[in-house]
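Asks: Residues 1 to 343 in the UniProt record's numbering are what the sequence shown spells out, letter by letter.
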Amino acid sequence: MAAGFSIFDLERRKWELARAQRERKSATDAPEGDDAERTATREHPQEVAELHAVLLAEAARIRDAVRSGGGAEARPALRAFVRIVDEGLVVPVFEHASLDEEHRDAAAAAVYVALGSMRIGLGLGYGRRRLAWLGLGGLFANVGLCRFPRRLETIAPDALSPQDRAKMRTHPQIGAQIVEEMGEDYRPLRDVVLQIHERVDGTGYPNGIHGKDISEFASVIGLVEHVVALRGERRTGNRFIHTPVIKRVVDEERRSFPRRVLKEFLDQISLFPVNTYVRLNNDSVGRVLATYKERPMRPTLELLWDGRGKKKETPKLVHLENFPLLHIVEALDDGDAHRHRSG
1 MAAGFSIFDL ERRKWELARA QRERKSATDA PEGDDAERTA TREHPQEVAE LHAVLLAEAA
61 RIRDAVRSGG GAEARPALRA FVRIVDEGLV VPVFEHASLD EEHRDAAAAA VYVALGSMRI
121 GLGLGYGRRR LAWLGLGGLF ANVGLCRFPR RLETIAPDAL SPQDRAKMRT HPQIGAQIVE
181 EMGEDYRPLR DVVLQIHERV DGTGYPNGIH GKDISEFASV IGLVEHVVAL RGERRTGNRF
241 IHTPVIKRVV DEERRSFPRR VLKEFLDQIS LFPVNTYVRL NNDSVGRVLA TYKERPMRPT
301 LELLWDGRGK KKETPKLVHL ENFPLLHIVE ALDDGDAHRH RSG
């Protein structure tokens, strides 16, 4: 889709040259053998956190620039996406974003949509170029909303007046115009931003197109954005995605998205996303730390309360695949998790 996207090649080459320079500089004192492996393991979380922080800063900068009436500059964000792809860190950075409790604004949601879309893209078999392009599209998904008064962003869609609702539904065209002003190199991004709220059954907006007329990139980003939007203000547990919302999309709205995209979403994101609180069949409560495509119902948990409701002094790490008699009964909001425990 983005075969002529020369900006990608430029930024990727910049990153490769910078990485080679760093490696040459540190070659003389680099650890070897087991020491090198331990060093890489120690540095990995820091690199993941750094990349997430870069994306948060870029998302906020882009939004502020657009809100003030200026143009958007995407190259720094693209460099970060290229680095994430080339370092094989799509899943770690996505899971870091899921666990982050500090950032709860629209910029953080945009970053989550970008990373969640990239994770689905991995499952769909996208290559490096397409994954970075997909991430950039996710980051710009709702950039058009920045041209509206802030109050409209905080109101639930059902609470908007008919006039405000109609106005808000023009944001894809506004976003596409913002991207078009970024230059010819970003032309593919323009089409993706325009179509993110279109649905394959023709029920979307702004143009009501359907089926294969909709870019798969737009469908991937649109699905993640839709699930995050449905999560709304219930920002507890995994503040971006909630298990009942996923079930609603699968049960009631599955015809709105391509089957292969929806299937890969379920495979990659899981019914129990990272940071979701869950109750087990022995009444203990834990938090999801990692999920697995091959075993979606058996994630890795951090057990926080035992079956009697007593809070554990030291949380216990449990790999459900190793405990065949244990299984998840339900997902909980963190408020419910705390209320139903005696502490």
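In this text, a Cβ means the ideal position worked out from N, Cα and C, and glycines have one as well. Note that the structure is a prediction, hence the values are computed from the model and not measured.
1) According to DSSP, which residues form a beta bridge with Leu317?
2) Return the Cβ separation of Glu216 and Val261 in integer angstroms, given the expectation that the two are a contact with Cβ distance under 8 Å.
3) Could you tell me the alpha carbon to alpha carbon distance between Arg199 and Thr314, rounded to whole angstroms?
4) Express the C-alpha separation of Met168 and Asn281 in angstroms, rounding to a whole number.
5) What is the DSSP secondary structure of Val286, counted as helix, strand or coil?
6) Which two residues bound the contiguous beta strand (DSSP E) that contains Val329?
7) Less than 7 Å between the beta carbons of Leu152 and Pro172, yes or no?
8) With distance defined between alpha-carbon atoms, name the residue in Gly309, Leu303, Lys310 nearest to Val318.
9) Looking at Phe265 and Leu223, is the spacing between their C-beta atoms short of 7 Å?
10) Using the C-alpha atoms, what's the distance from Glu58 back to Gly137?
11) On the DSSP bridge list, what partners appear for Leu280?
12) Could you give the C-beta distance for Val111 and Leu139, rounded to a whole number, given that I count them as a contact under 8 Å?
13) So Glu225 packs on Val113, CB below 8 Å; how close in whole Å?
14) If you draw a straight line from the alpha carbon of Gly123 to that of Lys263, how long is it in whole angstroms?
Replies: If we stick to the structure as given:
1) Glu302
2) 7 Å
3) 46 Å
4) 44 Å
5) Sequence check: residue 286 is Gly here, not Val. In this structure, Gly286 counts as strand in the three-state DSSP scheme.
6) 328-332
7) no
8) Leu303
9) yes
10) 14 Å
11) Ile328
12) 7 Å
13) 5 Å
14) 10 Å
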